[in-house]
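Asks:
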Amino acid sequence: MKTVLSTFTDRQQAERAVDELRRKGFEKEISILARDNENKGQDQGGMGQGNNLTGGTTTGGVIGGLAGLAVGAGALVIPGIGPLIAAGPIAGLLSGAATGGVAGGLIDWGIPNERSKYYEGKVKEGRVLVSVHADDQKINDAEESLKRLGAQDVEVHQTKK
Numbered sequence: 308m309k310t311v312l313s314t315f316t317d318r319q320q321a322e323r324a325v326d327e328l329r330r331k332g333f334e335k336e337i338s339i340l341a342r343d344n345e346n347k348g349q350d351q352g353g354m355g356q357g358n359n360l361t362g363g364t365t366t367g368g369v370i371g372g373l374a375g376l377a378v379g380a381g382a383l384v385i386p387g388i389g390p391l392i393a394a395g396p397i398a399g400l401l402s403g404a405a406t407g408g409v410a411g412g413l414i415d416w417g418i419p420n421e422r423s424k425y426y427e428g429k430v431k432e433g434r435v436l437v438s439v440h441a442d443d444q445k446i447n448d449a450e451e452s453l454k455r456l457g458a459q460d461v462e463v464h465q466t467k468k
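In terms of the numbering used here, the sequence shown opens at residue 308 and continues consecutively.
(1) For residue 285, count neighbouring Cβ atoms within 10 angstroms of its own Cβ and tell me buried if that reaches 16, exposed if not.
(2) Would you call the stretch 309–325 in contact with the stretch 448–463, where contact means no fewer than 3 C-beta pairs closer than 8 Å?
(3) Classify residue 389 as helix, strand or coil using the three-state DSSP reduction.
(4) Are there 16 or more other CB atoms within 10 angstroms of the CB of residue 396, so buried, or fewer, so exposed?
(5) For residue 323, which residues in the same chain have their Cβ closer than 8 Å to its Cβ, ignoring the five residues on either side in sequence?
(6) With DSSP as the reference, please indicate the residues paired to residue 310 in a beta bridge.
(7) From the DSSP output, in three-state form, read off residue 410 for me.
(8) Assuming residue 402 and residue 410 are in contact, meaning their beta carbons sit under 8 Å apart, how far apart are those beta carbons, in whole angstroms?
(9) Once you ignore the five residues that flank residue 349 on each side, which residues in its own chain have a CB closer than 7 Å to its CB?
(10) List the endpoints of the continuous beta strand (DSSP E) containing residue 342.
(11) Roughly how many whole angstroms lie between the Cα atoms of residue 319 and residue 416?
(12) So residue 437 and residue 453 are supposed to be a Cβ contact under 8 Å. How far apart are they, rounded?
(13) Verify whether the separation of the beta carbon atoms of residue 340 and residue 382 is less than 8 Å.
(14) Can the beta-carbon of residue 310 be found less than 8 Å from the beta-carbon of residue 430?
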């Protein structure tokens, strides 16, 4: 299996990319990770799961369409970053990553340490992380779609299943 990681500076752009990926047949393979700007005043000291997201809302406010775009959306608080919206396979990965934060979750997935820390920094800056976990035959299609739709930092990595 491989994972293509990418970032978007704009949530609407990320939503368009996820919509296109879904039209191409990617569904459960898509992960989204973004800062929850509606809840940024929450305590950033501990990591925990907030409420599950339904209808694109979290406790404290609406985050737009990101939560409705992927399976298994939820809210997390990551030390040093704060409240996050996580959807897709990455949501479960991060909730089980204990104190490793975003980088720890990505490392557990098989992303190299240096690149995991890089992407954690991008999320901390406010970028939206969009990733697709797929087999070798489908990963190129996901990568090309993300690039065409304006994704930055697009990289493909061999990852754990």
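Ideal Cβ positions, reconstructed from N, Cα and C, are used throughout, including at glycine. The model shown is predicted, which means the values in this text are computed figures rather than measured ones.
Replies: The answer reads as follows:
(1) Residue 285 is absent from the model: the chain starts at 308 and stops at 468.
(2) In this structure the stretch 309–325 lies against the stretch 448–463, because at least three pairs of beta carbons, one per stretch, are closer than 8 Å.
(3) Strand at residue 389.
(4) Around the beta carbon of residue 396, 16 or more other beta carbons lie within 10 angstroms, which makes this residue buried.
(5) Around residue 323, the same chain offers 456 as residues with beta carbons nearer than 8 Å, after the five sequence neighbours per side are excluded.
(6) DSSP, once it has assigned bridges, lists 440, 464 as partnering residue 310.
(7) Under the three-state reduction of DSSP output, residue 410 falls in the helix class.
(8) Contact flag wrong, Cβ pair sits at about 15 Å.
(9) Because the pLDDT of residue 349 is 46, which lies under 50, any placement of that residue in the model is unreliable, and the number read from its coordinates should be weighed accordingly. 384, 389, 390.
(10) Counting along the chain, the beta strand (DSSP E) containing residue 342 begins and ends at 337–342.
(11) Cα to Cα, the separation comes out at about 27 Å.
(12) Contact flag correct, Cβ pair sits at about 7 Å.
(13) At a Cβ-Cβ threshold of 8 Å, residue 340 and residue 382 do not count as neighbours.
(14) For the 8 Å CB-CB criterion, residue 310 and residue 430 do not form a contact.
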